[in-house]
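Data first, discussion second: the structure below is written as structure tokens.
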Amino acid sequence: MSQKREILKLLVSIVEHGQGKSVIRFYEKNQVQVHYQSKGRGTASSDLLDVLGLGGTERDVVFSLAAGSLCDRLMRQLRGESGEALRVKGIAFLMPLNAISSIPGAQLLRQGTGEHRNGGDGHMEQERDNSLVLIVVNQGHTEEVMNTARGAGARGGTILRSRWAGQEEAASIYGIPLQAEKELIAIVASKEKRNVIMETIQMKHGRESEAGAILCSIGLEETVRLG
Numbered sequence: 011m012s013q014k015r016e017i018l019k020l021l022v023s024i025v026e027h028g029q030g031k032s033v034i035r036f037y038e039k040n041q042v043q044v045h046y047q048s049k050g051r052g053t054a055s056s057d058l059l060d061v062l063g064l065g066g067t068e069r070d071v072v073f074s075l076a077a078g079s080l081c082d083r084l085m086r087q088l089r090g091e092s093g094e095a096l097r098v099k100g101i102a103f104l105m106p107l108n109a110i111s112s113i114p115g116a117q118l119l120r121q122g123t124g125e126h127r128n129g130g131d132g133h134m135e136q137e138r139d140n141s142l143v144l145i146v147v148n149q150g151h152t153e154e155v156m157n158t159a160r161g162a163g164a165r166g167g168t169i170l171r172s173r174w175a176g177q178e179e180a181a182s183i184y185g186i187p188l189q190a191e192k193e194l195i196a197i198v199a200s201k202e203k204r205n206v207i208m209e210t211i212q213m214k215h216g217r218e219s220e221a222g223a224i225l226c227s228i229g230l231e232e233t234v235r236l237g
């Protein structure tokens, strides 16, 4: 029986502001070498922040890319005593990637341990217990969209500031102009709540509204609380 090829995965870590560098150093010790760090703003209620052990609202968001076997091993480390020793507060979740540029992809896969997993299309189609809901909204409408999300069952989210980076003549969808300044809301939700959250936001804050929300969701392979 032939073994299927290794797959690449994206590990996203959302931690307290100032702890991103510690996360990256820990990941690099575990052979995960490619990282992008961004700043975000948390929107969780104060009681949820207490449960998670998070102080304040500013976040470091670290995007790490590596062979799936390395990411799986790193997640096991985070769940064990090594994760406790890391002494950071937040959440990390893992997502398999559909595609990546061939040359960097091949280089990243060579960093793997040589283990082979049952990846491929069948792996990607499995139903996930949790999803990452991504919502792009026009600047200035984040709070109203988050309030709607909370009303639909979301416990909180992380906000990243962004802007339209495409061609000016393409800065519209079906004739609806896109504001240059955007905010990206990331919400981790259970599969039971995901559809309700997305449908409610789409109905109240969809493309033709002032918020101009555009939504998608990605199945999360694994999540772990940090700290």
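Taking the working numbering, the leading residue of the sequence shown gets 11, the next gets one more, and so forth.
Every residue, glycine too, gets a C-beta built ideally from N, C-alpha and C.
Residue 219 - DSSP class collapsed to helix/strand/coil: coil
If you follow the beta strand (DSSP E) that residue 87 is part of, which residue opens it and which one closes it? Not the beta strand (DSSP E): residue 87 falls in the alpha helix (DSSP H), residues 78 to 89.
Fill in: Continuous alpha helix (DSSP H) stretch holding residue 39: start and end
30 to 39
* Helix, strand or coil for residue 160 per DSSP? -> helix
Check your understanding: So the beta strand (DSSP E) residue 51 belongs to, where does it begin and stop?
Key -> 44 to 52
Practice task
State the start and end residues of the unbroken beta strand (DSSP E) segment that holds residue 233.
Solution key: 232 to 236
Original post:
Taking C-alpha atoms, which residue in 95, 224, 92, 103 lies nearest to residue 152?
Top reply: 224
In three-state terms, what does DSSP make of residue 93?
helix
ask   = Taking Cβ positions, are residue 83 and residue 40 nearer each other than 8 Å?
value = yes
Query - Contacts around residue 44, its chain only, beta-carbon distance under 7 Å, and the 5 residues preceding and following it disregarded - result: 74, 75, 76, 118
query = How many whole angstroms separate the CB atoms of residue 199 and residue 211, which I take to be in contact at a CB cut-off of 8 Å?
reply = Their Cβ separation, rounded to whole angstroms, is 11 Å, which puts residue 199 and residue 211 out of contact at 8 Å.
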